[in-house]
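In the working numbering, the protein residues as written are 7 to 314.
Presented below is the structure to which this report refers.
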């Protein structure tokens, strides 16, 4: 199923202002910037999207990796959103994503476990997959049933969401009840047509930056490896998936092709395209479109997660 919200008139004034501000900024050549500065820049940017009032956070060791519990007032029970943050596998953290995870908790009334998997280039593939799998196993060991878990993530975290499920399936381990992904990066070989056709409208990326970050993460591994580019994985047997993506993204083809691959694998999937919106617009939590989109994700979570 492919739903698309069409027409620039449907874009809010706030979203137009954000995109205009992005368009005025020159996209830097990321390979010329120390990774520490890139990480700090992302952290500074995310300060503009704080978690909701009354949101509590608690740091925890989750099977080896650090992680963070995020929940809003009144949330009880073992049900868990298992969240994998974005940041091109080289940036981001549970801290930078408190805004989006806090809103998800508030809207779904489910706690969130946000995992701080190891980052490239210090820790290239397969470190991120290993950490995500370890934290998921830890969650099961705490007595949380797999059917009471919904896994999700944005951008690289969306790709990691699929890689984690594929790794779990290959090991014969219980899969979560469902998965949601926001602008997932699932093809690090960059063979999608929108890498070129959306290059002039994407306010956040360039092909050279995407290629550079892909190589940082893959290291010496094959970019087509199914746990690096899960578009090429065996997807049969995965749980239902919700995909959100903006149509002004160079990674739009990743979402479209993944939806097709899931359909061919007989995995229930809904693809929602948000016309003229940018990569992971959900993270700008004050946008009306972010609120609407996150409400939709929360409804998806509620419809699939098993309550105790």
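Every residue gets a Cβ at the ideal spot worked out from N, C-alpha and C, and that includes glycine.
Cut-off 7 Å between Cβ atoms - residues of its own chain near residue i, not counting five sequence neighbours on either side
{"i": "residue 225", "result": "130, 131"}
{"i": "residue 169", "result": "135, 233, 236"}
{"i": "residue 229", "result": "194, 195, 220, 235"}
{"i": "residue 218", "result": "36, 37"}
Residue i vs residue j beta-carbon contact at 8 Å
{"i": "residue 73", "j": "residue 121", "result": "yes"}
{"i": "residue 222", "j": "residue 304", "result": "no"}
{"i": "residue 84", "j": "residue 184", "result": "no"}
{"i": "residue 41", "j": "residue 96", "result": "yes"}
{"i": "residue 294", "j": "residue 59", "result": "no"}
{"i": "residue 161", "j": "residue 182", "result": "no"}
{"i": "residue 76", "j": "residue 118", "result": "yes"}
{"i": "residue 186", "j": "residue 142", "result": "no"}
{"i": "residue 209", "j": "residue 25", "result": "yes"}
{"i": "residue 216", "j": "residue 259", "result": "no"}
{"i": "residue 298", "j": "residue 113", "result": "no"}
{"i": "residue 284", "j": "residue 28", "result": "yes"}
{"i": "residue 46", "j": "residue 151", "result": "no"}
{"i": "residue 108", "j": "residue 86", "result": "no"}
{"i": "residue 149", "j": "residue 115", "result": "no"}
{"i": "residue 250", "j": "residue 307", "result": "no"}
{"i": "residue 248", "j": "residue 276", "result": "yes"}
{"i": "residue 211", "j": "residue 256", "result": "yes"}
Beta-carbon contacts of residue i that lie in its chain and below 6 Å, excluding the five residues immediately before and after
{"i": "residue 100", "result": "74, 120, 122"}
Close beta carbons around residue i, own chain, < 8 Å, minus the five adjacent residues each side
{"i": "residue 55", "result": "105, 106, 289, 290, 291, 292"}
{"i": "residue 48", "result": "93, 97, 98, 102"}
{"i": "residue 44", "result": "36, 96, 97"}
{"i": "residue 147", "result": "69"}
{"i": "residue 242", "result": "271, 272, 273"}
Enclosing alpha helix (DSSP H) for residue i [first to last residue]
{"i": "residue 48", "result": "41–52"}
{"i": "residue 219", "result": "213–224"}
{"i": "residue 304", "result": "294–310"}
{"i": "residue 121", "result": "Taken as a continuous stretch (DSSP letters only), residue 121 belongs to no alpha helix (DSSP H), being part of the beta strand (DSSP E) at 117–122."}
{"i": "residue 142", "result": "133–147"}
{"i": "residue 106", "result": "104–114"}
Endpoints, the beta strand (DSSP E) within which residue i is located
{"i": "residue 185", "result": "184–188"}
{"i": "residue 159", "result": "155–160"}
{"i": "residue 313", "result": "Here residue 313 belongs to no beta strand (DSSP E), and DSSP marks it neither H nor E."}
{"i": "residue 277", "result": "275–280"}
{"i": "residue 36", "result": "Segment: none, residue 36 is in no beta strand (DSSP E) and carries neither H nor E."}
{"i": "residue 252", "result": "247–252"}
{"i": "residue 63", "result": "62–67"}
Buried versus exposed, by CB contacts within 10 Å (16 or more), residue i
{"i": "residue 53", "result": "exposed"}
{"i": "residue 157", "result": "buried"}
{"i": "residue 199", "result": "exposed"}
{"i": "residue 64", "result": "exposed"}
{"i": "residue 204", "result": "buried"}
{"i": "residue 254", "result": "buried"}
{"i": "residue 278", "result": "buried"}
{"i": "residue 91", "result": "buried"}
{"i": "residue 51", "result": "exposed"}
{"i": "residue 4", "result": "Residue 4 lies beyond the stretch modelled for the chain, which goes from 7 to 314, so this question has no answer here."}
{"i": "residue 178", "result": "exposed"}
{"i": "residue 34", "result": "exposed"}
{"i": "residue 31", "result": "exposed"}
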